[in-house]
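> There's a structure below that I have some questions on.
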Amino acid sequence: MPSAPKWLFDAVDLIITKLSSITISNVQLLSASLKRISFAGDFSKINFPVGAYIDFRVNATDARRYTVSNVDIEKGILEIIVHLHGNGPGSNFMNGLRAGDVVDLNRPRSERNYYAKSAERLLIFGDETSLGLACAFLPELKKKKHQFLYYLELDEENWNIPEQLGLENFVVFPKNGYFKNETWLDQLAIFQSKAWQEAHYVLTGNASSAQAFKKAIKRNTKGKVFLHGYWLAGKKGL
Ligand SMILES: Cc1cc2nc3c(=O)[nH]c(=O)nc-3n(C[C@H](O)[C@H](O)[C@H](O)COP(=O)(O)OP(=O)(O)OC[C@H]3O[C@@H](n4cnc5c(N)ncnc54)[C@H](O)[C@@H]3O)c2cc1C
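Reading the sequence shown from the start, the letters are residues 1 to 238 in my numbering.
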């Protein structure tokens, strides 16, 4: 529910249990448009499957979702990576958070299973909004010895961020409409490779790019696709 009347959000806030008095321990500007925000608290009783997200009430009438990118239960640290695109209340709220702020957090949730543990090969596609998911995936992909590849559609100022975040096996693409171009998509190297025919494809980020990529995957492979658009141009919240 990205938007609702104030009274409704107020009523929900009264009845749901929150993680109260969580302190923002660090805010790191990764680039002009990306921030990593660390929260300090006791997260030991919470389950964090890959793709777990938190609904933040970003003003009286709007809530927005952000993925848990990393949790260190022993140190009591939970992190998110936010895209500051400047167009909406979520981005503005995140931009305003400062180290030392104390917040009540909604409990992390996970409605969908992003991670097919049985898949031999996984390709994870997304943009700046998917970097948190990319980080959450990495330890699992390595631990379970999957073959994996990240395809990331990023603004030029963020081309060095995947390396900075310690991601591996990534290919960075410019945001120039490639992922909406059928002819270009059909010529992707993975589609020429036998190995990627039966892979598991996890598509997030820009919903238009993810949809077009899904169609290309269906045209060119027998792989399984999991699609969750994180935002759509012109649409508030998703
Ligand atoms: C399950 C889930 C997990 C998510 N995890 C993350 C995360 O970890 N980090 C993160 O940054 N985002 C994440 N998102 C995406 C984030 O919730 C959306 O980008 C959200 O729309 C931002 O809210 P807003 O109020 O800033 O903009 P909105 O009010 O929703 O939108 C206002 C305008 O801005 C445009 N817009 C929205 N997002 C973007 C964007 N990223 N780039 C350019 N234009 C945009 C919209 O199309 C619209 O035109 C996630 C979304 C989902 C559903």
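Just so you know, even glycine gets a beta-carbon here, dropped at the ideal spot from N, CA and C. Just so you know, these numbers come straight off a predicted model, no measurement behind them.
Tell me whether tryptophan 231 is buried or exposed, calling it buried when 16 or more other Cβ atoms sit within 10 Å of its Cβ.
One-based indexing of the sequence shown puts residue 231 at position 231. Classification of tryptophan 231: buried, given that the 10 Å Cβ count is 16 or more.
> With a threshold of 8 Å, are at least 3 pairs of Cβ atoms found where one atom belongs to the segment 62-74 and the other to the segment 116-126?
no
> Helix, strand or coil for asparagine 92? Go by DSSP, reduced to three states.
For the purposes of this step, residue 92 is taken as the residue at position 92 of the sequence shown. Correct three-state label for asparagine 92: helix.
> Measure the C-alpha to C-alpha separation of phenylalanine 179 and isoleucine 24 and round it to an integer number of angstroms.
Taking the sequence shown and counting its residues from 1, one reaches residue 179 at position 179. Taking the sequence shown and counting its residues from 1, one reaches residue 24 at position 24. Roughly 36 Å between the two C-alpha positions.
> Check each candidate in Lys143, Ala134 and Ile217 and name the one with the smallest Cα separation from tyrosine 114.
If you number the sequence shown from 1, residue 114 lands on position 114. For tyrosine 114, the nearest C-alpha among the options comes from Ala134.
> Buried or exposed for arginine 112, going by 16 or more other Cβ atoms inside 10 Å?
The residue labelled residue 112 in the question sits at position 112 within the sequence shown. That one is exposed.
> Skipping 5 residues on each side, what residues in its chain have a beta carbon closer than 7 Å to that of isoleucine 46?
On the sequence shown, position 46 is the one that residue 46 refers to. These residues qualify, in order along the chain: Arg107 and Pro108.
> Excluding sequence positions up to five away, which residues of its chain have a Cβ less than 6 Å from the Cβ of glycine 205?
Taking the sequence shown and counting its residues from 1, one reaches residue 205 at position 205. The residues are Gly126, Asp127, Thr129, Ser130 and Tyr230.
> What is the residue span of the alpha helix (DSSP H) that glutamine 164 lies within?
Translated into positions along the sequence shown, residue 164 becomes position 164. Per DSSP, the continuous alpha helix (DSSP H) segment holding glutamine 164 begins and ends at 161-164.
> Let me know the alpha helix (DSSP H) ranges lying completely inside the segment 8-48, each 4 residues or longer, listed in chain order.
Qualifying alpha helix (DSSP H) stretches: none in this window.
> Please report how far the alpha carbon of glycine 51 lies from the alpha carbon of alanine 136, in whole angstroms.
Walking along the sequence shown from the start, residue 51 turns up at place 51. Walking along the sequence shown from the start, residue 136 turns up at place 136. Approximately 7 Å, taken between the alpha carbons.
> From this set, Ala212, His83, Asp104 and Trp196, which residue's C-alpha is nearest threonine 17's C-alpha?
Along the sequence shown, one-based indexing puts residue 17 at 17. Out of Ala212, His83, Asp104 and Trp196, Asp104 has the C-alpha closest to the C-alpha of threonine 17.
> Compute the Euclidean distance between the alpha carbons of threonine 183 and aspartate 155, then round it to the nearest angstrom.
The count along the sequence shown starts at 1 and reaches residue 183 at position 183. The count along the sequence shown starts at 1 and reaches residue 155 at position 155. Rounded to whole angstroms, threonine 183 to aspartate 155 spans 22 Å at the Cα level.
> Check each candidate in Gly132, Asp186, Thr221 and Glu163 and name the one with the smallest Cα separation from valine 38.
The residue you call residue 38 lines up with position 38 of the sequence shown. Checking the displayed sequence, the identity of residue 38 turns out to be serine instead of valine. Taking only the C-alpha atoms, the option nearest serine 38 is Gly132.
> If you pair each beta-carbon of the segment 193-211 with each one of the segment 139-157, do three or more pairs fall below 8 Å?
yes
> Between the C-alpha atoms of alanine 99 and phenylalanine 191, what's the straight-line distance to the nearest angstrom?
The sequence position of residue 99 within the sequence shown is 99, counting from 1. The sequence position of residue 191 within the sequence shown is 191, counting from 1. The alpha-carbon atoms of alanine 99 and phenylalanine 191 are separated by roughly 45 Å.
> What is the DSSP secondary structure of tyrosine 178, counted as helix, strand or coil?
Taking the sequence shown and counting its residues from 1, one reaches residue 178 at position 178. Residue state, collapsed to three classes: helix.
> Could you work out which residue in Gln211, Val172 and Leu29 is closest to tyrosine 151 when comparing CA atoms only?
As a first step, residue 151 is located in the sequence shown; it is residue number 151 there, counting from the start. Ranking the options by Cα distance to tyrosine 151, first place goes to Val172.
> Using 9 Å as the threshold, is the C-beta distance between glycine 90 and tyrosine 66 below it?
One-based indexing of the sequence shown puts residue 90 at position 90. One-based indexing of the sequence shown puts residue 66 at position 66. The answer is yes: Cβ separation under 9 Å.
> Taking the straight line between their C-alpha atoms, what separation do you get for lysine 236 and lysine 142?
Within the sequence shown, residue 236 is the residue found at index 236, counting from 1. Within the sequence shown, residue 142 is the residue found at index 142, counting from 1. Their backbone Cα atoms lie some 35 Å apart in a straight line.
> Is it right to say asparagine 176 is buried, meaning 16 or more other beta carbons lie within 10 angstroms of its own, or is it exposed?
As a position in the sequence shown, residue 176 is number 176, starting the count at 1. So asparagine 176 ends up on the exposed side.
> Taking all protein chains shown into account, decide if glutamate 168 is buried (16 or more other Cβ within 10 angstroms of its Cβ) or exposed.
Position 168 of the sequence shown, counted from the first residue, corresponds to residue 168. Flag for glutamate 168 reads exposed.
> Starting from glycine 126, follow its DSSP beta bridges and name the residues at the other end.
Along the sequence shown, read from residue 1 onward, the residue named residue 126 stands at position 126. Residue pairing from DSSP places glycine 126 in a beta bridge opposite Leu152.
> How big is the Cα-Cα spacing for alanine 189 and leucine 34?
Residue numbering aside, residue 189 sits at position 189 when the sequence shown is read from its first letter. Residue numbering aside, residue 34 sits at position 34 when the sequence shown is read from its first letter. The straight-line gap from Cα to Cα measures roughly 29 Å.
> Just to confirm my understanding: we take serine 44, look at its own chain, exclude 5 residues before and 5 after, and list those with CB closer than 7 Å. What are they?
Numbered from its first residue, the sequence shown carries residue 44 at position 44. Ile73.
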